[in-house]
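J.: Protein chains in written order, with my numbering: chain A, 999 to 1111; chain B, 999 to 1111.
To start, I am sharing the structure in question, which I have written as structure tokens.
Number of protein chains: 2
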Amino acid sequence: MDGVSIARTPEPPYTAVIFTSLRTPGDQGYARMAARMEELARLQPGFLGIESAREGLGITVSYWSDDAAAAAWKQVHEHVVAQDRGREVWYADYEVRVATVTRAYGARDGERG
Amino acid sequence: MDGVSIARTPEPPYTAVIFTSLRTPGDQGYARMAARMEELARLQPGFLGIESAREGLGITVSYWSDDAAAAAWKQVHEHVVAQDRGREVWYADYEVRVATVTRAYGARDGERG
């Protein structure tokens, strides 16, 4: 897992998938799955980066070249299995938001947007 | 602070501001500012919700009715002061991404998107 650094994304536009979740108690294979999904996401066409943090609430933002790349990742078999198990076992609540990043700026390059 | 629950946002489209950061060591007034900024954000026109977590990496996603509402919040005086101090003192690195949420689905309502 490497979601602990700020993703080095290109100039917008690109796609962000914001996945917010509340866990059920206990691990139940969650940590292993999460590491595997991040590893697998990095291999997909159009993957740009991933950022994640959990502090009660979990937030994972994955970045993709476009909506089609994000949609394709949603359909990858091993990921579909994980999504099903997430709904059944790991998540008490979750929300997925697919968004188009239109502006970005940061500490590295001063104000771009 | 109440960024520990999943924001109850309306049907898309709406605007998400994804703020990712790495802190400098020590508090230096950070916790108080963060609580105040969340309190202040909730009072702004077009505010829809906020979610945040920090685990090494900090991720805060605020949701707004549209880009204009998000841009207006960026210009609120007390927030401008906090942004300046953030660049100078609190953040070792950060990135802000402004995005348009186009699809959303979650546990509460089955698949919408």
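For every residue, glycine included, the Cβ atom is placed at its ideal position computed from N, Cα and C.
Buried or exposed for Glu1109/B, please, with buried defined as at least 16 other CB atoms from any protein chain shown within 10 angstroms of its CB.
T.: Mapped onto the second sequence, residue 1109/B falls at position 111. With a pLDDT of 47 at Glu1109/B, under the threshold of 50, the modelled position of this residue cannot be trusted, and the question is left open.
J.: List the residues of chain A that Leu1038/B touches, going by C-beta distances under 7 Å, in chain order.
T.: Translated into the one-based positions of the second sequence, residue 1038/B becomes position 40. Going along chain A, no residue has its Cβ under 7 Å from Leu1038/B, so there is no contact; the nearest lies around 20 Å.
J.: For the alpha helix (DSSP H) containing Glu1037/A, list its first residue and its last residue.
T.: Translated into the one-based positions of the first sequence, residue 1037/A becomes position 39. Looking at the DSSP string, the run of the alpha helix (DSSP H) that includes Glu1037/A is Tyr1028 to Ala1039.
J.: What are the start and end residues of the beta strand (DSSP E) that includes Trp1062/B?
T.: The residue given as residue 1062/B occupies position 64 in the second sequence. Leu1055 to Trp1062 is the extent of the beta strand (DSSP E) around Trp1062/B.
J.: Distance, Cα to Cα, Arg1085/A vs Ala1102/B?
T.: One-based indexing of the first sequence puts residue 1085/A at position 87. One-based indexing of the second sequence puts residue 1102/B at position 104. If I take the Cα positions, the gap works out to 16 Å.
J.: Ignore the nearest five residues each way along the sequence and tell me which others in Val1096/B's own chain have a CB closer than 7 Å to its CB.
T.: Residue 1096/B sits at position 98 when you count from the first residue of the second sequence. Thr1013, Val1015, Asp1065 and Ala1068, listed in sequence order.
J.: Please report the straight-line C-alpha distance between Ile1174/A and Asp1091/B, rounded to a whole angstrom.
T.: Not covered by the structure: residue 1174/A. The range shown for chain A is 999 to 1111.
J.: Determine, for Asp1082/B, whether the minimum Cβ-Cβ distance to residues of chain C falls below 8 Å.
T.: The question asks about chain C, but that chain is absent: this structure's protein chains are A and B.
J.: Under 8 Å between the Cβ atoms of Ala1051/B and Ile1057/A?
T.: Residue numbering aside, residue 1051/B sits at position 53 when the second sequence is read from its first letter. Residue numbering aside, residue 1057/A sits at position 59 when the first sequence is read from its first letter. Pairing Ala1051/B with Ile1057/A gives a Cβ-Cβ distance under 8 Å.
J.: Tell me where the beta strand (DSSP E) around Val1099/A begins and ends.
T.: What you label residue 1099/A is simply residue 101 of the first sequence in a count that begins at 1. Note, Val1099/A: beta strand (DSSP E), Tyr1089 to Gly1104.
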